[in-house]
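Worksheet for the structure shown next.
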Amino acid sequence: MKYVIATLILGCFSSHAVFQVIWQGYQGSSVNQTRELEAQAVSNALDVSLSQNAWNLSLSAEFEDSFLDSLFSFQAQRTISDTYSLSLSRDTFKFGTFSFEHSQAHVDISDWDTSSFSSTTKDSLFEVKNSFIYSYEILSRSAPLKEELAQAQFNADKKTNDLEKEQERLSFYKAYLNAKLNVFLTKLAKEFKQRAQERKKLIFKRYKDGLSREVEYLQARSSELNQMQELEKSEAALKQSVAVIETILGRDIPNVYFEKLKWEFKSLESWSEHIPENQNLEKLALEANVELALKLLENFEDQRSAKLTFNAAYISNAYTDSRGKSFDEATNSPRNDSKQVSLVYSLPLGMDYSGAEKVKLIIDKKRTELQKQKLVDELTLREKVLKTQLQKYAKAYSFSKDQVQVSTRRVTLQNRLYFKGLGTFDEVIRSEEELLSARSSLYRALYEYEGLLGELAFINGSVDQFLNSYRD
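At position 46 of the sequence shown the residue is numbered 63 (our numbering), and the sequence of numbers has no breaks.
Encoded structure:
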């Protein structure tokens with residue numbers, strides 16, 4: 018499988034495609050899939066909250082064998098009945114609660130001695146009842162607040178998830194940059210190890226010919242050993258940094274990735290179109306949490322405030338010795354009906370606990386608002402500092418390039434002077450070390466510069482645009 022992947026990579030690589038191939042691998046990683054799953058969970062939580070007002074259908078069946086007194090119904094005589102009912106109700110966030118119930122009952126009065134039903138002499142009666150009920154809270158906003166609270170919770174969770182997603186992607190980019198730096202430092206260590214080995218061979222030959230002293234050979238050997246140590250350290254750091262990326266991707270990264278790796282400097286101006294100034298996700302997340310805190314406080318105050326509820330109902334029924342006739346009388350042109358209208362006023366007591374809970378919610382709201390204001394100030398400062406740092410590292414990179422040129426020239430001249438007997442071998446070694454330091458500083462300047470670009474993209478809320486356009 019690894020060879021297949023390597024073949025595909027070799028076929029699709031141009032000259033600056035390394036990161037994009039790894040970035041595509043990140044899209045299918047478990048880390049990214051987990052984050053996408055969290056986004057689905059947040060959306061589903063909103064659907065669950067909003068679906069609490071879906072239509073509710075209930076069916077019931079009841080059997081009763083009663084010998085109780087009933088003031089408004091039958092005499093205290095044994096009555097056997099079985100009842101079947103169907104009810105359909107719907108709570109709404111803005112328009113109150115609607116419900117309809119239809120029931121049919123069979124009443125056995127065969128054990129009655131006398132009957133109050135003058136219309137029949139039969140032992141069985143049938144009742145059909147239809148009920149339409151409506152309820153609306155006039156003073157309270159509990160129903161609309163359920164919807165608003167669900168939406169506020171969704172916005173807060175979504176913004177938090179988006180923030181965590183962007184933080185994860187920035188961390189992945191930084192892990193890649195760290196691996197990239199170690200790749201170049203390892204290549205550099207290999208190059209200077211070879212230079213040290215060639216230099217040792219040359220000095221050893223001169224030592225045997227009597228042109229150099231033993232101390233110079235030993236110095237060359239020491240330089241070689243030092244470079245061998247640095248190479249081992251660089252390879253260990255590279256292995257560790259690559260392992261971080263491989264863990265995220267869930268697969269090994271072939272060496273062909275690093276063989277094709279390039280690193281070029283691009284000015285901040287050329288990056289500006291890829292780092293647009295969108296809204297910062299940290300700020301959006303805090304704003305959503307402020308809105309949620311306000312809704313929680315409003316909901317709490319509403320729950321603990323006085324309520325005035327309007328109720329209205331219309332009920333019709335019919336008792337006959339035929340089920341069909343009862344249905345017609347109760348439904349089409351009811352003679353027996355009831356119309357009800359009521360207002361219910363309620364006032365909660367026990368305000369001590371409520372007062373303390375309200376203070377807690379107010380503190381939470383103020384804390385979040387202060388965090389938001391602090392973040393706004395920090396973002397302004399961080400953006401200003403980052404742009405200044407980017408300018409400084411751009412200059413540092415330019416100076417490092419000049420230093421590499423100067424150090425390269427010095428190594429060449431120092432070698433010439435040594436072989437002419439006009440310079441010391443110690444000066445040759447020092448010039449080599451300065452060249453290694455200069456080239457290492459060049460890569461580190463690029464590493465710091467591009468790391469700051471990622472930070473700027475994060476502040477601007479444009480990490481995805483930046484990573485999609487990043488090229489090696």
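Positions of the beta carbon are idealized from the N, C-alpha and C atoms, including for glycine.
Since the model is a prediction, treat every value here as computed from it, not as a measurement.
Going by DSSP, residue 44 is part of the alpha helix (DSSP H) stretching over 35 to 44. Sixteen is the threshold: when 16 or more other Cβ atoms of the shown chains lie within 10 Å of the Cβ of residue 460, as they do, the residue is buried.
Around residue 148, the same chain offers 118 and 332 as residues with beta carbons nearer than 6 angstroms, after the five sequence neighbours per side are excluded. Of the other Cβ atoms in all chains shown, 16 or more fall within 10 Å of the Cβ of residue 146; this residue is therefore buried. In this structure, residue 143 sits away from residue 352, with a CB-CB distance that is not shorter than 8 angstroms.
Spanning the alpha carbons of residue 326 and residue 77 requires a straight line of approximately 28 angstroms. Judged by beta-carbon spacing, residue 162 lies within the 8 angstroms limit of residue 312, meaning their Cβ atoms are closer than that value. Relative to the Cα of residue 335, the nearest Cα in the group 36, 67 and 122 belongs to 122. When DSSP reads this structure, residue 358 sits in a beta bridge with 329. Of the residues assessed, residue 478 falls on the buried side of the cut-off, its CB having 16 or more other CB atoms within 10 angstroms. Boundaries of the alpha helix (DSSP H) harbouring residue 264: 231 to 266, taken from the DSSP string. For residue 144, the secondary structure class from DSSP, reduced to helix, strand or coil, is strand. One Cα belongs to residue 236, the other to residue 443, and the distance between them is close to 8 angstroms. When DSSP states are grouped into helix, strand and coil, residue 324 belongs to the strand group. Leaving aside the five residues that flank residue 84 on each side, the residues in its chain whose CB is nearer than 6 angstroms to its CB run, in chain order, 95. Counting of Cβ neighbours within 10 angstroms places residue 376 among the exposed residues, the total staying below 16. Residue 97 and residue 342 have their C-alpha atoms spaced approximately 21 angstroms apart.
If the five residues before and after residue 245 are omitted, its C-beta is found closer than 7 angstroms to the C-beta atoms of 210, all from its own chain and listed in chain order. Boundaries for residue 128: no beta strand (DSSP E) harbours it, and the DSSP string shows neither H nor E there. Rounded to whole angstroms, residue 194 and residue 218 show a C-alpha spacing of 36 angstroms. Shown here for residue 254: same chain residues with a beta carbon closer than 7 angstroms to its own, the five before and five after excluded, namely 199 in chain order. In the DSSP assignment, residue 107 is bridged to 115. Sorting 204, 120, 110 and 111 by C-alpha distance to the C-alpha of residue 104 places 120 at the top. For residue 319, the CB contacts under 7 angstroms within the same chain, skipping 5 residues up- and downstream, are 157, 158, 159 and 162 in chain order. If you compare the alpha carbons of 224, 411 and 427 with that of residue 288, the shortest gap goes to 411.
Shown here, residue 220 sits in a helix according to DSSP, grouped into three states. Assignment of residue 74 by DSSP, reduced to helix, strand and coil, places it in the strand class. Judged by DSSP in its simplified three-state form, residue 395 adopts helix. Per DSSP, reduced to three states, the secondary structure at residue 344 is helical.
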